[in-house]
Structures are given as C-alpha cells and as structure tokens.
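Peer 1: Got a structure here, written out as structure tokens. Questions coming.
Protein chains: 2
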Amino acid sequence: MKIGDLDTPALVVDLDRLERNLDRVAAYAARHSLALRPHTKTHKTPEIARMQLDRGAVGLTVAKTTEAEPLLDAEPREILIAYPIWGEAKLRRTIELSRRVRVIVALDSRETADRLSEASAAAGSLIEILVEADVGMRRCGLPPGDGLVELAQHVEGLPGLRLRGVMFYPGHFWAETPEGPELLQRLNADVARIRKDFDAEGLPLEIVSGGSTPTLFHSHEISGMTEIRPGTYVFCDRMQVGAGVCGWEDCAATVLTTVVSTPEASRALIDGGSKSFSSDALPRSDEGGFGRILEAPTARFHSMNEEHGYLDLSNSGVRLRIGDRLRIIPNHVCVAVNMHEKMYAIRGDEVEAVWDVRGRGKLQ
Amino acid sequence: MKIGDLDTPALVVDLDRLERNLDRVAAYAARHSLALRPHTKTHKTPEIARMQLDRGAVGLTVAKTTEAEPLLDAEPREILIAYPIWGEAKLRRTIELSRRVRVIVALDSRETADRLSEASAAAGSLIEILVEADVGMRRCGLPPGDGLVELAQHVEGLPGLRLRGVMFYPGHFWAETPEGPELLQRLNADVARIRKDFDAEGLPLEIVSGGSTPTLFHSHEISGMTEIRPGTYVFCDRMQVGAGVCGWEDCAATVLTTVVSTPEASRALIDGGSKSFSSDALPRSDEGGFGRILEAPTARFHSMNEEHGYLDLSNSGVRLRIGDRLRIIPNHVCVAVNMHEKMYAIRGDEVEAVWDVRGRGKLQ
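Chains as they are written, first to last, in our numbering: chain H, 1 to 364; chain S, 1 to 364.
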C-alpha cells in the first residue's frame with residue numbers, strides 16, 4: 001500500500017524520522033547515565049513502546065492503568081503510572097496490573113497512599129511509590145520541603161507499598177528562553193533540597209524522575225536526577241520546534257488531509273479539523289494557527305471546526321485545488337494521536353505497517 | 001446502578017433535561033411549520049436519534065458517511081450528509097449507504113458533483129443534492145449569486161443526482177448580540193436572492209435548509225427557509241448559554257469528575273482534562289475557562305492538560321477534598337461527547353441506560 005491509497009484524514013508516521021528520534025534520545029540518555037522511562041502517552045501504541053525498550057528504556061510511563069494494559073504486549077519490566085490513583089475501579093485495575101508487571105505509582109497525598117496501601121496489602125501485592133514534587137508547574141505535587149518528606153515517611157510506614165523515590169515534571173522549564181538559565185538553577189536547588197532532606201531522614205531515593213521533552217537535552221545539567229520521562233520526542237510537533245528541542249526535519253507524525261472545498265482562490269478547506277488535530281493552541285507564540293503544512297508552509301491554517309480546517313492562502317504564493325493532499329504537523333502531537341484509531345507507518349511512499357492506537361481514549 | 005457507582009471521568013446525560021430540550025424544539029419547529037433535520041454530531045448515538053425521529057424529525061443530518069452508518073438503527077427516512085464527499089473510499093461508502101436509506105449530500109463545487117454523479121450513475125443509484133451557499137460564515141459554500149445558480153444547473157444536468165435545494169449554515173448569526181438584527185436582515189436578503197434566482201431559472205427548491213442552535217428560536221424570522229438542522233440543542237453547553245439560546249437549567253450533559261489532588265486549599269486537580277472535555281475555548285467571552293462546575297459555580301476551571309483539570313478556588317468560598325465528585329458543563333458539548341466511548345443516561349441519581357457513542361471518532 002502506498003501513502004496515496006490512504007483515505008483521509010489519516011495519521012501518518014515517518015519511520016525513518018521516528019527511528020532517528022528514538023536513537024538520538026537513547027544515545028543521549030546512555031551517554032549521561034540517565035535511565036530512560038519514556039512517557040507513552042504520545043504514541044499509545046505497543047509497537048513503538050517495543051522500539052523504545054529495544055533501545056534500552058528501563059520501563060514505560062503511562063497516565064492511566066487502562067493505558068498500561070495494551071502496552072504489556074511490549075513486555076516492559078516495569079510501568080510507572082504517573083497519576084494519583086483514586087476510586088475502587090482504578091484501585092482494582094492497578095492491583096490486577098501489578099500481578100502482570102512491576103508497577104510504580106506516583107502520588108502526592110496521604111489519602112491516595114492510604115487507599116492504595118489498603119488495596120495492595122489486602123491483595124498481597126507490592127506497589128512501588130514515587131512521591132510527587134512540584135518544582136514550579138503548580139500541577140500535582142507538593143513543593144520540596146517538610147510536607148514532601150512527611151508524605152514519604154508516611155508511605156514508608158504503609159503495608160503493601162514500597163517507596164522508591166521522587167517524581168517531578170519540569171515542563172515549565174523551556175530551556176531556550178531568556179528565563180531558561182534561572183529556571184535551571186532553581187530546578188537544581190529543588191533537587192538538591194530533596195536529596196538532602198531524604199538523606200537526612202534515611203529515606204530511599206533510588207529514583208529521582210524528572211525530564212520532559214522541552215527540557216530533554218538539558219537533563220544532564222540537573223544534578224541528582226536519575227531518570228527522564230520524555231514523551232513527545234518520538235514524533236516532535238509544532239510546540240517542540242517552538243521550544244527549540246527539535247527542527248521541522250525531526251517531526252515524524254503528520255495528519256494527511258485532502259482539500260475538499262476552494263470557494264475562493266485565497267481560501268481552501270481541508271477534511272481535517274479539531275476531531276483530527278485537537279484544538280490545542282500554540283503557547284509561547286505569536287504565530288497561532290493549528291499546524292504547519294509540509295507542502296505549503298507559507299499557508300496559514302488559521303481555524304477549524306470539528307470536521308474542517310480553514311487555510312488562508314493570501315500572500316502565500318500557494319494555489320490549491322480540490323483533491324490536493326496535504327501533510328500537516330500538528331501543534332501538539334499527543335492529543336492529535338489520541339483522536340486517531342490507526343497510525344500508518346510509512347517509509348518513503350510505502351505504508352510499511354498499520355498500527356492500532358490501542359491506548360487512545362482510555363478516560364478512566 | 002447509581003451515579004455514585006460510576007468510574008470517572010464519565011459523560012452523564014440527564015434524561016429529564018434531554019427530553020425537555022427535544023420536546024421544546026420539536027414543538028417550536030411544528031408551530032412554525034419548519035422541518036426539523038437535527039444534526040446528530042452532538043450526540044452521535046442512535047438511541048437519541050430515535051428520540052428525535054419519534055418527535056417528528058423528518059430525517060437526520062451527519063457530517064460523515066461513517067457517522068451515518070450506526071444511526072441507521074434509528075431507522076431514519078433520509079440522511080443528509082452535510083459535507084462535500086471526495087475520494088474513492090468515501091464515494092463507495094456513500095453509494096452503499098444510498099442502498100439502505102435515502103441520501104442527500106451537500107456540495108459546493110462542480111468537481112465534487114461530477115465525481116459523485118459518476119459513482120452514483122455507475123451503481124444505478126440516485127443521490128439527492130443540496131448546493132451549499134455561504135451566507136457569511138466563510139466556510140464551505142458559494143455566495144448567493146451566479147456561481148451558486150450555475151452549480152445548481154450543473155447538478156441538474158448530471159446523471160445519478162437529483163437537486164432538491166440549498167443548504168447554508170448561519171452559525172455566525174448570534175441573535176442576542178448588538179449585530180443580531182442586522183445579520184438577520186442580511187440573512188433574509190440572501191435567502192430571498194436565492195429563491196428569486198432559482199425560481200427565475202426553474203430550479204427546484206424543495207428544501208431551503210438552514211438553522212443552527214445559536215439561531216434556533218429566531219428561525220421563523222428567516223422567511224423562505226423550510227427546515228432547520230440544530231445539533232447542540234439536545235444537550236446545550238456553556239457556549240450556547242453564552243449565546244442566549246438556553247439557560248444552565250437546560251444543560252443536559254456533564255462530565256462527572258473526581259478531585260484527585262489538593263496541593264493547597266486554593267487549588268484542586270480533577271481527573272478530567274482535554275481528553276474528556278476537549279480543549280475548545282469559549283468564544284465571545286471574557287470568562288474563559290473550560291467548564292462550569294455544578295457543585296461549585298464560583299470555582300474557576302482555568303486550565304487543563306490531557307488528564308487533569310486545574311481548579312482555582314481562591315475567592316470562591318469553595319473547599320474541596322480528594323475524592324469529591326464534580327459534574328461539569330463543558331464549553332462545547334459536541335467535541336466533548338466525541339471523546340467518550342459511553343454515555344450514562346440518568347434520571348435523578350439512577351443510571352437508566354448506558355449508551356455507546358457509536359458515531360464517535362469516525363474521522364474518514
């Protein structure tokens with residue numbers, strides 16, 4: 001099958017670029033003795049998870065137990081659920097998962113630790129724990145300091161759980177910005193503080209897990225971090241190019257679309273909208289828009305509804321006709337992948353494989 | 001099963017409100033002798049399509065052939081595909097669909113008409129056509145005038161097709177705004193122009209299809225329109241409340257979520273983000289945010305990532321604890337429904353039915 005045979009819109013992955021991205025980050029992690037535990041939310045696909053493990057990843061990261069289940073086919077040694085588990089159904093699934101693979105859960109409260117401990121102990125399981133620190137994103141996590149240490153001590157005392165260390169997400173540290181150096185300094189101070197506190201209390205700190213794609217190639221500058229959990233690096237996207245982590249030539253995933261209407265020469269409508277790209281906007285940018293068109297980078301993909309994308313061709317030098325096919329790099333590839341049931345893996349013009357995005361949806 | 005038994009996040013539909021919304025619009029359409037051809041993209045669910053047909057809808061509207069297929073279980077007399085069909089696979093599916101139900105397709109170019117005609121004639125089918133007019137949205141469609149008339153004439157001469165009239169989408173006509181009256185006047189002028197042109201050329205104009213939810217209860221003020229295609233009215237959402245079409249008490253669909261982290265008293269994180277709500281923002285509003293929380297309308301649901309929603313509770317008078325469950329009206333319910341595999345239909349606290357959202361996804 002050729003790419004020209006695909007019905008549109010379709011999620012297309014360039015295997016040469018994907019493999020290059022995987023190799024580059026595996027080599028970087030190895031060079032700096034950082035464990036690589038990639039976040040699989042970007043691809044949600046066991047075939048790509050397998051490629052990551054084959055290149056030396058120590059395990060996989062997921063956001064949900066339901067995302068983890070299909071990835072077991074990739075045979076990871078361990079899975080980190082980077083998400084606080086709450087509620088009967090989720091606890092049950094976590095315990096079931098722990099019978100099939102070593103499970104690590106990140107959490108940031110006594111309440112979640114207590115419930116998980118009860119469920120784990122009752123089932124005779126052992127769930128490993130990272131306590132979550134907030135290093136500035138103001139999402140989940142407790143700031144480095146007494147609260148974090150007390151939570152770690154609390155976890156240490158609970159049956160059915162075993163503390164392995166700390167997790168944080170430095171996604172606000174966009175290295176290639178004027179604030180980059182200062183943020184890096186603060187991040188180092190936070191990690192040093194955590195290390196000092198845990199050492200003083202004799203708490204285990206086998207894993208200090210950080211690292212996101214925006215910070216990726218600065219990870220070795222954060223002393224005391226033992227592992228990274230980048231996700232987006234497999235495909236890259238418009239956001240990561242904006243963050244300076246990669247170039248357009250590294251973007252491996254595009255949405256293949258067809259022009260379906262050209263009411264005026266300066267306007268074209270494509271058969272992909274928010275149901276194919278998601279409506280995630282581009283932060284830290286004056287550019288706006290919803291994607292970069294490989295065949296027409298000067299055209300502006302300025303708005304969408306569910307089914308259509310709207311292209312402004314004025315002053316772009318671009319003319320499009322009904323039936324023209326365009327490949328578009330999305331703003332945020334993780335949410336775009338989540339919209340697609342299948343991923344078409346190409347090499348050149350040849351469709352080498354069709355993969356089910358088995359971890360898509362998975363709300364609970 | 002009670003609502004308290006549901007795992008979160010979950011899409012919950014209040015049946016009393018849904019039925020009231022369906023009754024109100026069916027009565028409005030009947031009172032003004034407007035045919036009702038609801039756009040099913042909002043619910044994507046045959047069970048609700050059936051409720052619409054039982055209340056007198058003349059047929060159903062869909063965006064894709066793949067969205068139409070599961071809705072055949074609701075036994076509509078006819079289905080309007082409000083989307084230009086292009087490409088072999090889509091043509092084939094359209095023809096197959098036309099063997100099971102009367103199919104109407106909207107289109108805005110000779111190219112799409114020619115291809116559809118070839119496919120239809122070759123299969124011995126008859127596809128009905130609405131030519132699409134652009135009345136100001138600048139999406140698909142040709143402006144009222146010569147181009148539109150020529151396209152209609154072209155369709156009239158093609159085998160395998162039968163012209164039934166005109167379709168347009170007046171989604172820019174937000175009645176309850178200062179520009180409302182002027183937009184209504186322009187819309188009336190456009191429809192009058194189309195009627196005059198088609199009459200002069202002896203072109204059939206059995207159907208003049210307009211009407212969206214934002215314009216819903218002003219549809220009878222647009223003379224010469226024969227039918228309406230509202231979608232969002234079944235559930236309403238934050239956007240439609242903003243447009244003045246409905247009140248909070250009409251919002252029938254909410255996303256049920258659980259508080260999973262409260263790192264500070266002024267902040268809470270819920271287990272629903274852009275994968276449950278979509279990242280559609282609120283237009284025409286200074287309010288921003290991603291939803292209205294039934295249990296805490298003063299709390300600000302200010303941002304999201306894929307899995308988490310972030311609530312700012314400062315100055316809200318609200319305190320939340322881990323495990324609290326919140327029901328949230330989304331900004332744009334159509335895209336939120338598209339994220340969910342199941343819909344839980346409740347009456348009071350009782351889950352009366354669990355419906356598969358069978359038309360979700362369906363990119364091609």
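The beta carbon of each residue, even a glycine, is placed where N, CA and C say it ideally should be.
Is it right to say HIS340 (chain H) is buried, meaning 16 or more other beta carbons lie within 10 angstroms of its own, or is it exposed?
Peer 2: If you number the first sequence from 1, residue 340 (chain H) lands on position 340. By the neighbour-count rule (16 or more Cβ atoms within 10 Å), HIS340 (chain H) is buried.
Peer 1: Which of the three DSSP states is assigned to GLY210 (chain S) in this structure?
Peer 2: Taking the second sequence and counting its residues from 1, the one referred to as residue 210 (chain S) is at position 210. Of the three classes helix, strand and coil, the one that applies to GLY210 (chain S) here is strand, per DSSP.
Peer 1: Show which residues of chain S have a CB atom less than 7 Å away from the CB atom of ALA89 (chain H).
Peer 2: The residue given as residue 89 (chain H) occupies position 89 in the first sequence. Correct list: ASP7.
Peer 1: Taking DSSP's pairing of strands, which residues face TRP355 (chain S) in a bridge?
Peer 2: Position 355 of the second sequence, counted from the first residue, corresponds to residue 355 (chain S). The partner list for TRP355 (chain S) (beta bridge, DSSP) reads S:MET343.
Peer 1: Enumerate in chain order the residues of its own chain whose CB-to-CB distance from THR213 (chain S) is below 7 Å, with the five nearest sequence positions on each side excluded.
Peer 2: The residue labelled residue 213 (chain S) in the question sits at position 213 within the second sequence. Only PRO230, GLY231, THR232, TYR233, GLN240, VAL245 meet the Cβ criterion.
Peer 1: Can you check the segment 32-113 of chain H for any beta strand (DSSP E) of at least 3 residues that lies completely inside it and give the ranges in chain order?
Peer 2: 60-62, 78-81, 102-107
Peer 1: Any contact of the segment 157-169 of chain S with the segment 200-214 of chain S, i.e. 3+ C-beta pairs under 8 Å?
Peer 2: yes
Peer 1: So with Cβ pairs under 8 Å, would you call ASN368 (chain S) a contact of chain H?
Peer 2: For chain S, the structure presents residues 1 to 364; residue 368 (chain S) sits outside this window and is missing.
Peer 1: Find the nearest neighbour of PRO9 (chain S) within the set S:ARG327, S:GLN364, S:ILE322, judged by alpha-carbon distance.
Peer 2: On the second sequence, position 9 is the one that residue 9 (chain S) refers to. Nearest C-alpha to PRO9 (chain S) among S:ARG327, S:GLN364, S:ILE322: S:ARG327.
Peer 1: Does DSSP classify THR232 (chain S) as helix, strand or coil?
Peer 2: The count along the second sequence starts at 1 and reaches residue 232 (chain S) at position 232. If DSSP states are grouped into helix, strand and coil, THR232 (chain S) belongs with the helices.
Peer 1: Please go through the same chain and pick out, in chain order, the residues whose beta-carbon is closer than 8 Å to the beta-carbon of ILE346 (chain H), but skip the five residues on each side of it.
Peer 2: Taking the first sequence and counting its residues from 1, one reaches residue 346 (chain H) at position 346. Non-local C-beta neighbours of ILE346 (chain H) in its own chain, meaning closer than 8 Å and more than five positions away in sequence, comprise ILE3, VAL12, VAL13, ASP14, LEU15, GLU352, ordered along the chain.
Peer 1: In chain S, which residues lie with their C-beta within 9 Å of the C-beta of GLN153 (chain H)?
Peer 2: Counting from one through the first sequence, the residue named residue 153 (chain H) turns up at place 153. Those do not exist, as GLN153 (chain H) stays about 18 Å from chain S at its closest Cβ, beyond 9 Å.
Peer 1: Skipping 5 residues on each side, what residues in its chain have a beta carbon closer than 7 Å to that of GLY224 (chain H)?
Peer 2: Counted from its first residue, the first sequence places residue 224 (chain H) at position 224. Here the set comprises VAL191, ALA192, ARG195, VAL208.
Peer 1: Residues of chain H with CB closer than 7 Å to the CB of HIS340 (chain S), please, in chain order.
Peer 2: If you number the second sequence from 1, residue 340 (chain S) lands on position 340. LEU363, listed in chain order.
Peer 1: In the segment 243-271 of chain S, which residues sit with their C-beta less than 8 Å from some C-beta in chain H, listed in chain order?
Peer 2: THR258, VAL260, SER261, THR262, PRO263, ARG267, LEU269, ASP271
Peer 1: Whole angstroms are fine: how far does the CA of THR254 (chain S) sit from the CA of THR333 (chain S)?
Peer 2: Translated into positions along the second sequence, residue 333 (chain S) becomes position 333. Translated into positions along the second sequence, residue 254 (chain S) becomes position 254. Note on identity: in this sequence residue 333 (chain S) is Val, with Thr being the wrong assignment. Taking the straight line from one Cα to the other gives about 8 Å.
Peer 1: Taking C-alpha atoms, which residue in S:HIS172, S:LEU256, S:PRO178 lies nearest to LEU216 (chain S)?
Peer 2: Position 216 of the second sequence, counted from the start, is the residue given in the question as residue 216 (chain S). Nearest of S:HIS172, S:LEU256, S:PRO178 to LEU216 (chain S), Cα basis: S:HIS172.
Peer 1: Cutting at 8 Å between CB atoms, please list the residues of its own chain near LYS342 (chain S), excluding the five before and the five after it.
Peer 2: Taking the second sequence and counting its residues from 1, the one referred to as residue 342 (chain S) is at position 342. Within the same chain, LYS342 (chain S) has close Cβ partners ALA10, LEU11, VAL354, TRP355, ASP356, VAL357.
Peer 1: By a C-beta neighbour count over all protein chains shown, 10 Å radius and 16 as the cutoff for buried, is THR61 (chain H) buried or exposed?
Peer 2: Sequence index remark: in the first sequence, residue 61 (chain H) carries index 61 (1-based). It is buried - the Cβ of THR61 (chain H) has at least 16 other Cβ atoms within 10 Å.
Peer 1: Just to confirm my understanding: we take ARG110 (chain H), look at its own chain, exclude 5 residues before and 5 after, and list those with CB closer than 8 Å. What are they?
Peer 2: For the purposes of this step, residue 110 (chain H) is taken as the residue at position 110 of the first sequence. Taken in chain order, the residues that qualify are LEU151, HIS154.
Peer 1: How many Å lie between THR45 (chain H) and ALA68 (chain H) at the Cα?
Peer 2: Start at 1 with the first residue of the first sequence, and residue 45 (chain H) comes out as number 45. Start at 1 with the first residue of the first sequence, and residue 68 (chain H) comes out as number 68. Taking the straight line joining both Cα atoms gives about 10 Å.
Peer 1: Contact check, ALA30 (chain H) vs GLY56 (chain H) under 8 Å by CB: the rounded distance?
Peer 2: Looking up residue 30 (chain H) in the first sequence gives position 30. Looking up residue 56 (chain H) in the first sequence gives position 56. About 6 Å separates the two Cβ atoms, so the contact holds.
Peer 1: With DSSP as the reference, label TYR169 (chain S) as helix, strand or coil.
Peer 2: Locating residue 169 (chain S) in the second sequence gives position 169, where the first residue counts as 1. Note: TYR169 (chain S) maps to coil in three-state DSSP.
Peer 1: ILE129 (chain H) touches chain S at which residues, Cβ-Cβ below 9 Å?
Peer 2: For this step, residue 129 (chain H) is matched to residue 129 along the first sequence. Around ILE129 (chain H), no beta-carbon contact reaches into chain S at under 9 Å, the shortest distance being about 15 Å.
Peer 1: For ASP312 (chain S), which of helix, strand or coil comes out of DSSP?
Peer 2: In the second sequence, residue 312 (chain S) corresponds to position 312, counting from 1. Strand at ASP312 (chain S).
Peer 1: For chain H, check one thing: does any of its Cβ atoms lie closer than 8 Å to the Cβ of ALA49 (chain S)?
Peer 2: The sequence position of residue 49 (chain S) within the second sequence is 49, counting from 1. It does not: the Cβ of ALA49 (chain S) has no partner Cβ on chain H nearer than 8 Å.
Peer 1: CB ALA365 (chain S) to CB ALA113 (chain S), shorter than 8 Å?
Peer 2: In the structure as shown, chain S begins at 1 and stops at 364. Residue 365 (chain S) is therefore absent and cannot be evaluated.
Peer 1: So that I know if they touch, is there some Cβ in chain S lying closer than 8 Å to that of GLU295 (chain H)?
Peer 2: If you number the first sequence from 1, residue 295 (chain H) lands on position 295. Chain S contact via Cβ: absent.
Peer 1: What in chain S is Cβ-close to TRP86 (chain H), meaning under 8 Å?
Peer 2: As a working note, residue 86 (chain H) is residue 86 in the first sequence. Around TRP86 (chain H), the beta-carbon contacts reaching into chain S at under 8 Å are THR258, VAL260, ASP271, ILE322, GLY323.
Peer 1: Between the segment 258-268 of chain H and the segment 34-52 of chain H, do three or more beta carbon pairs fall short of 8 Å?
Peer 2: no
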